[in-house]
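Notes follow once the structure below has been shown.
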Amino acid sequence: LGSSSVFTFYEPKSKVAVRVPLPQRSGYLISGRARYDWQHGILCDDIREVRIAITYRELTEELAETDLGKLALERAKHVVAEPPKEEQQQQQH
Numbered sequence: 055l056g057s058s059s060v061f062t063f064y065e066p067k068s069k070v071a072v073r074v075p076l077p078q079r080s081g082y083l084i085s086g087r088a089r090y091d092w093q094h095g096i097l098c099d100d101i102r103e104v105r106i107a108i109t110y111r112e113l114t115e116e117l118a119e120t121d122l123g124k125l126a127l128e129r130a131k132h133v134v135a136e137p138p139k140e141e142q143q144q145q146q147h
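Everything in the sequence shown is counted per the numbering used here, starting at 55 for the first residue and increasing by one.
Quick look at the structure:
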């Protein structure tokens, strides 16, 4: 969250590595084969500044029903989209 970095996916059988840039304040959702069949994470060499990571494996039913849970689930649907314009403007100030 605090700084940009690179997220690396590695598929051990084929020895394929895929590196995905993570802009500052980015979020992502990993599911399917990428979550279960590929190794994934941020390599030590890709951490250049202080970095804060918040990981949710699954939302409990109780959390999913809260305003925060609903917001997280809604944002997770759009992880490949650009942040809303007001967030982009706040980042610039």
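Every residue, glycine too, gets a C-beta built ideally from N, C-alpha and C.
In this text, all values refer to a predicted model and were calculated from it rather than measured experimentally.
query                                                                                                                                                                   : result
Am I right that V179 and I106 are in contact with their C-beta atoms under 8 Å? What's the rounded C-beta distance?                                                     : This structure cannot settle anything about residue 179, because the visible part of the chain is limited to 55 through 147.
Within the same chain, show all residues whose beta-carbon is closer than 7 Å to that of R73, passing over the 5 residues directly before and after it, in chain order. : V60 and T62
For Y64, which of helix, strand or coil comes out of DSSP?                                                                                                              : strand
For L76, report the span of its beta strand (DSSP E) as first-last.                                                                                                     : V70 to L76
In angstroms, rounded to a whole number, what distance separates the CA positions of H94 and I101?                                                                      : 15 Å
So what does DSSP say about G123, is it helix, strand or coil?                                                                                                          : helix
Using only the alpha-carbon positions, how far apart do K69 and A88 sit?                                                                                                : 14 Å
For G95, report the span of its beta strand (DSSP E) as first-last.                                                                                                     : Q93 to G95
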